[in-house]
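K.L.:
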Amino acid sequence: MKTYDQIYDELLVLKCQDGDRNAFDELVSRWQERLWAYAYRLLGEKDTAWDMVQETWMTIVKKINSLKHAEAFPQWIYRILSNKCTDWIRKQQAQRQLKENIKEEFKDVKQDRSTQDSKYDALRKAFKQLSSEQRLIISLKYAEGFDVKEISKILDIPEGTVKSRLYYARKQLQGIMGVITNE
Amino acid sequence: MNDFDKEIGNALRKGNHFDSKRGEKLRKEIIQMFDEKLKKVERITWMWIVGTVIVAMMAGSGFSIARDTQGLILFAGLFFIAILTQVLIKLWYWIMNCKLSVLKEIKQLELQVAELKEKNKT
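Encoded structure:
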């Protein structure tokens, strides 16, 4: 069952396709922060996250009329942003070819393990150790709240692949967290 | 969802410090881009319509002064194509407008239903 917000977003998309400037303004206001937070989680750099969000909006401005079903807007917008972020991560990896040392990453985290905030901090750092595909899946599932079917549409991969990637990403995340808590 | 899943969600959602000033600046840029796109589409459409009218007028005048059959057929064909192109463009716009109007009406209705449901819940 669709929520009020989802239906309202769909209406805004239809109005945008009809050339309504105010509707587009509202759509940008409603989605801007969510998109930036998603990009920032994946990339870990504020400025780059802004660039990716800007590029995503540019693509949306160009192609919004080609979106056949307004219901698919959330999946569509996350797919565009995910692709842009993944491309950027791949380029960075090709340029640098370096791997960060997990233990070094967690030096400051281990000092104060008891509080909930430090646990979240550790989780965020563990999250950064995952591959770009795993980060995408974890972020879409747990932070953005999409289900397996929606993630498969966003990333354009079968549902089974989403489930297995989710399973292994979660397992790896648990493994990294285990390394910290055991030490 | 177990505790670890919830913790992942909470950890990822926290720690994002959104710069609203920068967001506002970007929003304005994007809206400007959207405006430019609309204007561009409008300009192209008008240019196309004016172009086809000019071609149709030229073909019409050419047809009236043509002396041989080949010329008559050529100008008549050109006139027909120019008028047909214009009609098709207008028809396409009309269909798109109708389609969007119907879809918007349906969404408005869905929105009202969702609103009523939320009111009933409370």
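Listed in order, the protein sequences are those of chains F and U.
In terms of the working numbering, the first sequence opens at residue 1 and continues consecutively.
In terms of the working numbering, the second sequence opens at residue 1001 and continues consecutively.
We treat Cβ as the ideally placed atom computed from N, Cα and C, and that holds for glycine.
Please list, in chain order, the residues of the segment 1039-1062 of chain U that have any C-beta partner in chain F closer than 9 Å.
P.N.:
Val1041, Glu1042
K.L.:
From the beta carbon of Leu1116(U), is the nearest beta carbon of chain F less than 8 Å away?
P.N.:
No, its Cβ sits nowhere closer than 8 Å to a Cβ of chain F.
K.L.:
Can you tell me the Cβ-Cβ gap for Ala169(F) and Leu130(F), rounded? I've got them flagged as a contact below 8 Å.
P.N.:
6 Å
K.L.:
Could you check if Met52(F) is buried or exposed, using at least 16 other CB atoms within 10 Å of its CB as the buried criterion?
P.N.:
buried
K.L.:
Could you list which residues in chain U have their beta carbon closer than 8 Å to that of Glu45(F), in chain order?
P.N.:
Correct list: empty, because the minimum Cβ distance to chain U is about 13 Å.
K.L.:
Return the residue from the list Lys15(F), Arg90(F), Glu55(F) that minimises the CA-CA distance to Lys1104(U).
P.N.:
Lys15(F)
K.L.:
At the level of alpha carbons, what is the spacing between Arg34(F) and Leu81(F)?
P.N.:
11 Å
K.L.:
For Lys153(F), which residues of its own chain have a beta-carbon under 7 Å away from its beta-carbon, when the five flanking residues on both sides are left out?
P.N.:
Gln75
K.L.:
Just checking: is the beta-carbon of Ile137(F) within a distance shorter than 8 Å of some beta-carbon in chain U?
P.N.:
no
K.L.:
Quick check on this structure: which residue in Glu45(F), Ala122(F), Ile64(F) has the alpha carbon closest to the alpha carbon of Asp1019(U)?
P.N.:
If we check each option's Cα against that of Asp1019(U), Glu45(F) comes out closest.
K.L.:
Let me know if Val13(F) comes out buried or exposed under the rule of 16 or more other beta-carbons within 10 Å of its beta-carbon.
P.N.:
Per the 10 Å Cβ criterion, buried.
K.L.:
When we look at the beta-carbon of Lys1119(U) and count the other beta-carbons within 10 Å, is it buried (16 or more) or exposed?
P.N.:
That one is exposed.
K.L.:
Tell whether a beta-carbon distance below 8 Å holds between Tyr120(F) and Ala1114(U).
P.N.:
no
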